[in-house]
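In the working numbering, the protein residues as written are 621 to 938.
Just below is one structure, and these are the notes that go with it.
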Amino acid sequence: MVWTRLLGRMATNRAGAAMAVGSILCVQFGLAASVPLFDDLGPAGVAALRLGWGGLILLVLIRPRPAQFTRRALLACVGLGVATAGLTSLFMAAVSRLPMGTATALEFLGPLGVAVVRGRRTAKAWPIVAAAGVVLLTEPWRQGVDVVGVGYALGAGACWAAYILLTQFVGDEVSGLRGLAVSMPVAGVVAAVIAGPGVFADLDWRLALAGLGLAVLVPVIPFSLELLALRRLTAGAFGVLMSLEPAAALLIGLLVLRQVPGPAAVAGIALVVAASIGAQRSGARTESDTERGGVDTEGIEPAEGAKAAEERRTVSAQ
């Protein structure tokens, strides 16, 4: 009986890990597939197209009603949508100027900062490790550093930090997917304003269908995989797996976009991943904390839901 339960638990853990990794790969392949559209719509236009389709899909599937929200919850959902739009638009702009692995690692400083602030005293050393990784990634001793691209990536990281905090607040106020079904349409509208009216003049049926496909790839598939993974993994295990995302971005950038990283970039990404793993393991919310927002966390332990929020921009840009 004990062995049967143990084997069953091992199988559940393996399935959860596979789903988490599958989510990461979907996000990164979706990002790589977005890059060719930059020539037609620009980074801001691609961000608006993806968020617009994602918001429409969620509206149709969830159909939130105003009566389901308090005024405070509704305002939080709107704020979450603004943060999501900023995250997506800035990250797309960063990827248009930097390799995927570098942009993702720099963006990861946002969740890392949140984890360090919330973590135990042992987490306070991880920013030093991350800073060393950033120095290796940007190589300030060399000429030609794209300062604007680095600024975009760091701005996306700041928006991601805001996204984490707002997501957890929305999760405490709104059950199920309703918060996401409000924040994502808001994100689509804000991203369209950022892109400007010119993006719609360049939009044709081919680009519209491409945007719909990307919206399914990110967020519909990875979101579903994450939800299933969270029901099978502990918060720590999920956090460690999601911290591997910069490494996955480097690999997908190499395979799909032929972005060959130098030794310094590889070492820098490794340091950022190590810092993220270390900070996340010491920065999880406790069992008494509230669960993740923007995601249906029924059947998920509170700490697990919170860790998911810390580890994912969910529908956002990547």
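Yeah, the Cβ is synthetic: ideal placement off N, Cα and C, and Gly gets one too.
In the DSSP assignment, find the alpha helix (DSSP H) that holds residue i and state where it starts and stops.
i      : result
GLU793 : 767-793
LEU875 : 865-877
TRP825 : 825-835
LEU853 : Unbroken run through LEU853: none, as it is neither H nor E.
SER753 : In the sequence on display, residue 753 carries Gly and not Ser. Note, GLY753: alpha helix (DSSP H), 746-758.
ARG798 : 798-815
ASP659 : 658-682
VAL715 : 691-715
ARG738 : 729-738
GLY764 : It is not in any alpha helix (DSSP H) - GLY764 carries neither H nor E in the DSSP assignment.
ALA821 : 818-821
Tell me the rounded alpha-carbon separation between residue i and residue j.
i      : j      : result
VAL749 : GLY898 : 10 Å
ALA821 : SER795 : 38 Å
TRP949 : VAL892 : Coverage of the chain is limited to positions 621 through 938, which leaves residue 949 absent and any answer about it impossible.
PRO760 : ALA652 : 26 Å
ARG826 : GLY665 : 14 Å
GLY733 : LEU657 : 32 Å
ALA638 : LEU850 : 12 Å
VAL802 : TRP780 : 18 Å
THR854 : VAL819 : 42 Å
GLY699 : LEU786 : 7 Å
PRO663 : ALA815 : 8 Å
ASP659 : ALA867 : 26 Å
TRP746 : PHE843 : 28 Å
PRO881 : LEU875 : 11 Å
MET804 : PRO883 : 38 Å
ALA751 : PRO684 : 42 Å
ALA696 : ALA735 : 21 Å
GLY859 : GLN788 : 15 Å
Taking 8 Å as the cut-off, decide whether the C-beta atoms of residue i and residue j are in contact.
i      : j      : result
GLY764 : ILE889 : no
GLY769 : ARG717 : yes
GLY721 : ALA885 : yes
LEU845 : GLY642 : yes
THR708 : LEU671 : yes
ALA723 : PHE711 : yes
GLN648 : ILE872 : yes
GLY675 : ALA812 : no
ALA714 : ALA782 : no
ALA635 : ARG852 : yes
LEU729 : LEU774 : yes
SER654 : LEU823 : no
ILE677 : LEU864 : no
Leaving out the 5 sequence neighbours to the left and right, which residues in its chain are closer than 8 Å to residue i when beta-carbon positions are compared?
i      : result
ALA693 : VAL790, GLU793, VAL794 and GLY799
ASN633 : ARG852, LEU853 and ALA857
GLN688 : VAL794 and ARG798
So, is residue i buried or exposed, given that buried needs 16 or more other C-beta atoms within 10 angstroms?
i      : result
VAL680 : exposed
ARG901 : buried
THR690 : exposed
LEU861 : buried
PRO839 : buried
LEU701 : What sits at residue 701 in the sequence shown is Gly, not Leu. GLY701 is buried by the Cβ-count criterion.
PRO817 : exposed
LEU829 : exposed
Kindly list the residues whose CB is nearer than 6 Å to the CB of residue i, restricted to its own chain and excluding five residues on each side of it in sequence; keep chain order.
i      : result
LEU669 : GLY831
ILE939 : A query on residue 939 cannot be resolved here, the shown segment of the chain reaching from 621 to 938 and no further.
PRO719 : GLY873 and GLN879
THR910 : Any answer about THR910 is weak, because its pLDDT of 37 lies below 50 and its placement is not dependable; what the coordinates show is given next. Cβ neighbours of THR910 beyond the five flanking positions: ASP792.
ALA869 : GLN648, MET720, GLY721 and THR724
VAL667 : At residue 667 the sequence reads Ala, which differs from the Val that was named. Cβ within range, chain order: THR708, SER709, MET712 and ALA811.
Tell me which same chain residues have a C-beta within less than 7 Å of the C-beta of residue i, skipping the five on either side of it?
i      : result
ALA887 : LEU756
LEU848 : MET639
ASP605 : In this structure the chain extends from 621 to 938, so residue 605 is not present and cannot be described.
ILE682 : LEU797, ARG798 and ALA801
ALA894 : VAL749
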